[in-house]
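**Student:** Mind looking over this structure? Questions follow.
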Amino acid sequence: VYRKTFNTFGISDDQFSLWSNGVAFLTWSRGQSMHGIGFPLPKTFMNEQWNLQKKILKRMRELGMVPVLPTFQGNVPPEFINLFPHANMSLSKEKNVAWIDGLDPLFKSIQTRYMQVLINDFGTDHWYETDGYFDQATPPWLMTRTQGNTSYKTATEVPANPAAKLRSSTVYSTMSGIDPEAIWLYQGWIWRGWRSSARLSYMKGWVEGVPKGKFVVLDMVDESPADSVWRDTFGFFGAPYIWSVLHNFGGNLGM
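Sequential numbering from 20 applies to the sequence shown in the numbering used here.
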């Protein structure tokens, strides 16, 4: 899906293959500025994965399961900087990936094309997952952890950050513009480490930017009281959330 989407914007198959991580490192192609490790990614492998995905989704739906599909979150091959010099994007310090600001019109253009390809290829159950702050300078999980007051007693005391509200609203609109029933699943992992009023204000604004019931948080670290985000964020300010754990961490978080 990414390859076909980026083809539309001037990236060749060879450029995409060299930019994408190799098979063993694909997990890290989303969320971090890690690209071009163990490359190239063979086109035969992409085609095999595409066919496998079709089978997996078919069986999931037969069993009554609701698949969650990924959407575009802003990371693109660095060639985009030359192709679209006026777009608001930054180059990672490793110079192997560019990040497009979620408010830039190019982000919406890519997201629109991406979701058209995604839904055409795999259908949809209206659940989508994408992470980050979408601010072109901060890949997911790399937000600077500012310090400040954490003495709020109730959710109503916390002011909603207007910039965060605008950003989440804009990004959600790029999904709902293609699928009006879109539900955004968001990893709560991103909110760990913010022990400050800035974090609470940003999170409240972020949640308020998406229609109620359309933004769902996957908490992911609930086996560790010290790391469970819902405990000190007023239950994600009313956003529905899924109590969950990462089993491959061995259950030793917080030790």
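Cβ atoms here follow ideal geometry from the backbone N, Cα and C, with glycine treated the same way.
Could you check the C-alpha separation between V226 and S111 for me, to the nearest Å?
**Tutor:** On the sequence shown, position 207 is the one that residue 226 refers to. On the sequence shown, position 92 is the one that residue 111 refers to. Distance between the alpha carbons of V226 and S111 is about 27 Å.
**Student:** In whole angstroms, what separates the C-alpha of G151 from that of D32?
**Tutor:** Along the sequence shown, read from residue 1 onward, the residue named residue 151 stands at position 132. Along the sequence shown, read from residue 1 onward, the residue named residue 32 stands at position 13. In this model, G151 and D32 are separated by some 26 Å (Cα to Cα).
**Student:** Exposed or buried, what is I261 when buried is set at 16 or more other beta-carbons lying within 10 Å of its beta-carbon?
**Tutor:** The residue labelled residue 261 in the question sits at position 242 within the sequence shown. By the 10 Å Cβ count, I261 comes out exposed.
**Student:** Would you list the one or two residues that DSSP bridges to W203?
**Tutor:** Within the sequence shown, the letter at position 184 stands for residue 203. Paired residue(s): Y147 and F234.
**Student:** Where do the N-terminal and C-terminal ends of the alpha helix (DSSP H) with I209 fall, by residue?
**Tutor:** As a working note, residue 209 is residue 190 in the sequence shown. Careful: I209 lies outside any alpha helix (DSSP H) and carries neither H nor E.
**Student:** For G228, count neighbouring C-beta atoms within 10 Å of its own C-beta (all shown protein chains included) and say buried if the count is 16 or more, exposed if not.
**Tutor:** Indexing the sequence shown from 1 puts residue 228 at position 209. It is buried - the Cβ of G228 has at least 16 other Cβ atoms within 10 Å.
**Student:** Should the region 124-134 be regarded as contacting the region 168-184, the criterion being three or more beta carbon pairs within less than 8 Å?
**Tutor:** no
**Student:** Hey, quick one: how far does the beta strand (DSSP E) through S109 stretch, first residue to last?
**Tutor:** As a first step, residue 109 is located in the sequence shown; it is residue number 90 there, counting from the start. From DSSP, the beta strand (DSSP E) with S109 extends over M108 to L110.
**Student:** Please determine, among K233, D144, G142 and I197, the residue with the shortest C-alpha to C-alpha distance to S187.
**Tutor:** Here residue 187 refers to the residue found at position 168 when the sequence shown is read from its first residue. Looking from the CA of S187, the closest CA among K233, D144, G142 and I197 belongs to K233.
**Student:** Please state whether DSSP places N115 in a helix, a strand or coil.
**Tutor:** Taking the first residue of the sequence shown as position 1, residue 115 is located at position 96. The answer is coil: DSSP assigns N115 none of H, G, I, E or B.
**Student:** Against chain C, with Cβ distances strictly below 8 Å, would P230 count as a contact?
**Tutor:** The structure shown has no chain C; it contains just one protein chain.
**Student:** If you run the structure through DSSP and keep just helix, strand and coil, what is I100?
**Tutor:** Walking along the sequence shown from the start, residue 100 turns up at place 81. Residue state, collapsed to three classes: helix.
**Student:** Can you tell me whether DSSP reads I261 as helix, strand or coil?
**Tutor:** Sequence index remark: in the sequence shown, residue 261 carries index 242 (1-based). Three-state result, I261: strand.
**Student:** Near S195, what residues of its chain come up, given a Cβ to Cβ distance below 6 Å and the 5 sequence neighbours on each side ignored?
**Tutor:** In the sequence shown, the residue the question calls residue 195 occupies position 176. So the qualifying residues of the chain are A201.
**Student:** Which residue comes first and which comes last in the alpha helix (DSSP H) that contains F141?
**Tutor:** Position 122 of the sequence shown, counted from the start, is the residue given in the question as residue 141. P124 to F141 is the span of the alpha helix (DSSP H), which, as asked, contains F141.
**Student:** Quick check on H266: buried or exposed, where buried means 16 or more other Cβ atoms within 10 Å of its Cβ?
**Tutor:** As a first step, residue 266 is located in the sequence shown; it is residue number 247 there, counting from the start. Exposure of H266 is indicated by the presence of fewer than 16 other C-beta atoms within 10 angstroms of its C-beta.
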